[in-house]
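Below: one structure, written as structure tokens.
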Amino acid sequence: MKILAQISRVIVGLLFIFSGLIKLNDPIGTQYKLEEYFEVFAADLPAFHDFFISLVPFALYFSVFLCTAEVVLGIALLVAYKPKTISWLLLAIILFFTFLTFYSAYFNKVTDCGCFGAAIKLTPWTSFGKDLFLLALILVIVYYRKKFKAFPTGIIVVISTIASLAIAVYSLRHLPIIDLLPYRVGANIPAQLKPSEPIRYLYIFEKGGEKFEFEKYPSDTTLVFKEMVVLNEDAKPKITDYKVWNDAGDFTEETFKGKKLFLIIKNLTDINTAALPDMNKLINNVRTKGIDPVILTSGNSSEIEKFLNEHQLNAPYYYVDATVLKTISRSNPGLWLLKEGTVKGKWHYNDTPTAEEVIKLVK
Numbered sequence: 001m002k003i004l005a006q007i008s009r010v011i012v013g014l015l016f017i018f019s020g021l022i023k024l025n026d027p028i029g030t031q032y033k034l035e036e037y038f039e040v041f042a043a044d045l046p047a048f049h050d051f052f053i054s055l056v057p058f059a060l061y062f063s064v065f066l067c068t069a070e071v072v073l074g075i076a077l078l079v080a081y082k083p084k085t086i087s088w089l090l091l092a093i094i095l096f097f098t099f100l101t102f103y104s105a106y107f108n109k110v111t112d113c114g115c116f117g118a119a120i121k122l123t124p125w126t127s128f129g130k131d132l133f134l135l136a137l138i139l140v141i142v143y144y145r146k147k148f149k150a151f152p153t154g155i156i157v158v159i160s161t162i163a164s165l166a167i168a169v170y171s172l173r174h175l176p177i178i179d180l181l182p183y184r185v186g187a188n189i190p191a192q193l194k195p196s197e198p199i200r201y202l203y204i205f206e207k208g209g210e211k212f213e214f215e216k217y218p219s220d221t222t223l224v225f226k227e228m229v230v231l232n233e234d235a236k237p238k239i240t241d242y243k244v245w246n247d248a249g250d251f252t253e254e255t256f257k258g259k260k261l262f263l264i265i266k267n268l269t270d271i272n273t274a275a276l277p278d279m280n281k282l283i284n285n286v287r288t289k290g291i292d293p294v295i296l297t298s299g300n301s302s303e304i305e306k307f308l309n310e311h312q313l314n315a316p317y318y319y320v321d322a323t324v325l326k327t328i329s330r331s332n333p334g335l336w337l338l339k340e341g342t343v344k345g346k347w348h349y350n351d352t353p354t355a356e357e358v359i360k361l362v363k
């Protein structure tokens, strides 16, 4: 059993480090997931509505804390730093995660828990199963916690904490170090809106207490339809919700034509207006070089028009769903460059490029 405890220690440590680093790469993504959980709990538990809503503004801090804790606890476990204390902390955090994934799976809420950020998508029940597996391993670690030989390796834990926080701060002040989102540089958006191959389905029927499965919809009207299952999930479009419109109609296809520099304004409540003068100068400069500046926003027309006038932003604006804008850009405002539908550049407002840099990317 001691061997099992050592194996459990390695597996749990590596998984915690991997999960934490993936999420530290994009702490805003975890922030969005926490906000979603808080809003769901507020709706499902009316007696605690105000409490959970009050947590929403602090979601980013919780995100950085939890992601950093995963990495630091994983490293501490591997180097056997204070194994008794670390074991109990691991148990506490896995119980928290297990509760969240069970809630997601059982009540079909927050259907992607973001356990591994945008790197690995897990279904709610798969996420719950993963946490039960980790819980079992951590219980083994807790049981044998007194058998682990403690090492005075506090400096490693301190360094890992500082390094983890540095990764989070960098990602927040710029963009994720590794962009795993479907709107990343190099991705072709129109291609991702289509399935990679024809979608195949399994049709499940029932008759006389017996189950029947067909890959083509049957003509037998005596069969009772039960469910339809996608056989080739990987062939589904990677992007399903990208829509661009204004009061005149749909302009989605227009965004894929020619060279477009998009100014992303996710909302008007937490936007960094100090970055707008440089961005305004940029879009005015590239306009004369055959690059069309376009503003994408989720705000309403009266608010956005007033905002654009106040900041002298002279470019046509279109609406995009707020969730889509959050996925396109982790920055508010942000910049997104497309050439014939292929992403050529993405920038945080702290990294606004020069017109020459933008032009070079779309030559």
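Take the sequence shown: its letter number 326 is residue 326 in full-length UniProt numbering, and every next letter is one higher.
C-beta: ideal position from N, C-alpha, C; glycine also.
Remember, it's a predicted structure, so these values are computed and weren't measured experimentally.
### Query
Which stretch, first to last residue, makes up the alpha helix (DSSP H) that contains Y103?
Counting from one through the sequence shown, the residue named residue 103 turns up at place 103. From DSSP, the alpha helix (DSSP H) with Y103 extends over P83 to F107.
### Query
With distances taken from CA atoms, which of I11, K238 and R9 is nearest P195?
Start at 1 with the first residue of the sequence shown, and residue 195 comes out as number 195. Of all alpha-carbon atoms in I11, K238 and R9, the one lying nearest the alpha-carbon of P195 is that of K238.
### Task
Would you check if there are 3 or more beta carbon pairs closer than 8 Å linking the stretch 345-355 to the stretch 329-337?
Counting Cβ pairs under 8 Å, three or more are found: they touch.
### Query
Can you name the start and end residues of the alpha helix (DSSP H) that D44 belongs to?
Walking along the sequence shown from the start, residue 44 turns up at place 44. Counting along the chain, the alpha helix (DSSP H) containing D44 begins and ends at P27 to D44.
### Message
Which residue marks the beginning of the alpha helix (DSSP H) containing V64, and which one marks its end?
### Response
For the purposes of this step, residue 64 is identified with residue 64 of the sequence shown, where counting begins at 1. Bounds of the alpha helix (DSSP H) holding V64 are A59 to L78.
### Query
What residues in its chain sit with their C-beta under 8 Å from that of K2, if we drop five residues either side in the sequence?
To locate residue 2, count along the sequence shown from 1; it is residue 2. Contacts found: Y144 and K147.
### Query
What are the boundary residues of the beta strand (DSSP E) that D220 is part of?
Start at 1 with the first residue of the sequence shown, and residue 220 comes out as number 220. Under the DSSP assignment, D220 falls outside any beta strand (DSSP E); it carries neither an H nor an E label.
#### Entry: Ranges of the beta strand (DSSP E) found wholly within the stretch 196-220, counting only runs of at least 3
Look at the stretch 196-220 and you find these whole runs of beta strand (DSSP E), each 3 residues long or longer: 201-207 and 210-214.
### Task
In the DSSP assignment, find the alpha helix (DSSP H) that holds G129 and state where it starts and stops.
For the purposes of this step, residue 129 is taken as the residue at position 129 of the sequence shown. Segment P124 to Y143, the alpha helix (DSSP H) holding G129.
### Contact under 7 Å by Cβ, G29 with V71
For the purposes of this step, residue 29 is taken as the residue at position 29 of the sequence shown. For the purposes of this step, residue 71 is taken as the residue at position 71 of the sequence shown. In terms of Cβ geometry, G29 and V71 do not form a close pair [threshold 7 Å].
#### Entry: For K260, the three-state DSSP class (helix, strand or coil)
Counting from one through the sequence shown, the residue named residue 260 turns up at place 260. Looking at K260 - three-state DSSP - the assignment turns out to be strand.
### Query
Which residue comes first and which comes last in the alpha helix (DSSP H) that contains I53?
In the sequence shown, counting from the first residue as 1, residue 53 sits at position 53. Unbroken alpha helix (DSSP H) run through I53: H49 to L55.
### Task
Starting from E227, trace the beta strand (DSSP E) both ways and give me its first and last residue.
As a working note, residue 227 is residue 227 in the sequence shown. Unbroken beta strand (DSSP E) run through E227: V224 to V230.
### Message
Can you find the residues in the same chain that come closer than 8 Å, C-beta to C-beta, to V358, ignoring five residues on each side of it along the sequence?
### Response
Along the sequence shown, read from residue 1 onward, the residue named residue 358 stands at position 358. Counting only Cβ-Cβ distances below 8 Å, and skipping sequence neighbours, we find L261, L282, V286, I291, L337 and G345.
### Message
On the DSSP bridge list, what partners appear for G345?
### Response
In the sequence shown, the residue the question calls residue 345 occupies position 345. Bridge partners of G345: L337.
### Task
State yes or no: is the C-beta of N314 within less than 7 Å of the C-beta of S171?
The residue labelled residue 314 in the question sits at position 314 within the sequence shown. The residue labelled residue 171 in the question sits at position 171 within the sequence shown. Their beta carbons are not under 7 Å apart, which means N314 does not touch S171 by this criterion.
### Message
Just to confirm, is the Cβ distance from N188 to G341 under 7 Å?
### Response
Within the sequence shown, numbered from 1, the residue matching residue 188 stands at position 188. Within the sequence shown, numbered from 1, the residue matching residue 341 stands at position 341. In this structure, the beta-carbon distance from N188 to G341 falls below 7 Å.
### Task
Out of F102, I141 and T255, state which residue places its alpha-carbon closest to the alpha-carbon of I7.
Here residue 7 refers to the residue found at position 7 of the sequence shown. If you compare the alpha carbons of F102, I141 and T255 with that of I7, the shortest gap goes to I141.
### Message
Assess contact between the stretch 126-136 and the stretch 153-169, defined as three or more Cβ pairs (one per stretch) separated by less than 8 Å. Is contact present?
### Response
Here the stretch 126-136 does not lie against the stretch 153-169, with fewer than 3 beta-carbon pairs under 8 Å apart.
### Task
Between the Cα of K130 and those of F99, K211 and V229, spot the shortest distance and give me the residue it belongs to.
If you number the sequence shown from 1, residue 130 lands on position 130. Checked all of F99, K211 and V229; the closest Cα to K130 is F99.
### Query
Is there contact between the stretch 300-310 and the stretch 148-155, where contact requires at least three CB pairs shorter than 8 Å?
Three or more Cβ pairs closer than 8 Å define a contact, and the stretch 300-310 falls short of that threshold against the stretch 148-155.
### Message
Quick check on DSSP: helix, strand or coil for T297?
### Response
If you number the sequence shown from 1, residue 297 lands on position 297. DSSP, reduced to helix, strand and coil, places T297 within a strand of the structure shown.
### Query
From P182 to I328, what distance separates their C-alpha atoms?
Numbered from its first residue, the sequence shown carries residue 182 at position 182. Numbered from its first residue, the sequence shown carries residue 328 at position 328. About 8 Å.
### Task
Specify the secondary structure class of N309 as computed by DSSP and reduced to three states.
Within the sequence shown, numbered from 1, the residue matching residue 309 stands at position 309. It is helical.
### Query
Do P190 and F251 have their CB atoms nearer than 7 Å?
Locating residue 190 in the sequence shown gives position 190, where the first residue counts as 1. Locating residue 251 in the sequence shown gives position 251, where the first residue counts as 1. In terms of Cβ geometry, P190 and F251 do not form a close pair [threshold 7 Å].
### Task
Go to Y318, then tell me how far its beta strand (DSSP E) extends in each direction, as first and last residue.
The sequence position of residue 318 within the sequence shown is 318, counting from 1. For Y318, the enclosing beta strand (DSSP E) starts and ends at Y317 to Y319.
### Query
Grouping DSSP H, G and I as helix and E and B as strand, with all else coil, what is D112?
Working through the sequence shown from its first residue, we reach residue 112 at position 112. Reduced to three states, the DSSP call for D112 is coil.
### Query
At what residues does the alpha helix (DSSP H) containing Y170 begin and finish?
Your numbering for residue 170 matches position 170 in the sequence shown. Run containing Y170: G154 to R173, per the alpha helix (DSSP H) assignment.
### Task
Taking the CB atoms as reference points, tell me whether R9 and L89 lie closer together than 7 Å.
Against the sequence shown, residue 9 aligns to sequence position 9. Against the sequence shown, residue 89 aligns to sequence position 89. Cβ distance not < 7 Å, so R9 and L89 don't count as in contact.
### Query
Within this structure, are the beta carbons of V110 and E206 separated by less than 7 Å?
On the sequence shown, residue 110 is found 110 positions in, with the first residue counted as 1. On the sequence shown, residue 206 is found 206 positions in, with the first residue counted as 1. No, the pair does not count as a contact, with Cβ atoms beyond the cut-off.
### Query
Beta-carbon separation of Y317 and W245 under 7 Å?
Stepping through the sequence shown from its first residue, residue 317 is reached at position 317. Stepping through the sequence shown from its first residue, residue 245 is reached at position 245. Taking 7 Å as the cut-off, the beta carbon of Y317 is found no closer than this to the beta carbon of W245.
### Task
Taking only the alpha-carbon atoms, compute the straight-line gap between F96 and S87 and give it to the nearest angstrom.
In the sequence shown, the residue the question calls residue 96 occupies position 96. In the sequence shown, the residue the question calls residue 87 occupies position 87. Distance between the alpha carbons of F96 and S87 is about 14 Å.
### Task
Go through its chain and collect everything with a Cβ distance to V64's Cβ below 6 Å, but skip five positions before and after it.
For the purposes of this step, residue 64 is identified with residue 64 of the sequence shown, where counting begins at 1. Closer than 6 Å at Cβ, skipping near neighbours: P27 and A168.
### Query
The alpha helix (DSSP H) with N284 in it runs from where to where?
As a working note, residue 284 is residue 284 in the sequence shown. Start and end: L276 to R287.
### Query
Going by C-alpha distance, which of V230, S219, L139 and D321 is nearest I242?
Counted from its first residue, the sequence shown places residue 242 at position 242. A quick correction: the sequence has Tyr, not Ile, at residue 242. Closest by C-alpha distance to Y242, out of V230, S219, L139 and D321, is D321.
### Message
Considering only their Cβ atoms, is the gap separating V185 from L202 smaller than 7 Å?
### Response
For the purposes of this step, residue 202 is taken as residue 202 along the sequence shown, with counting starting at 1. For the purposes of this step, residue 185 is taken as residue 185 along the sequence shown, with counting starting at 1. Result no, Cβ atoms of L202 and V185 do not sit closer than 7 Å.
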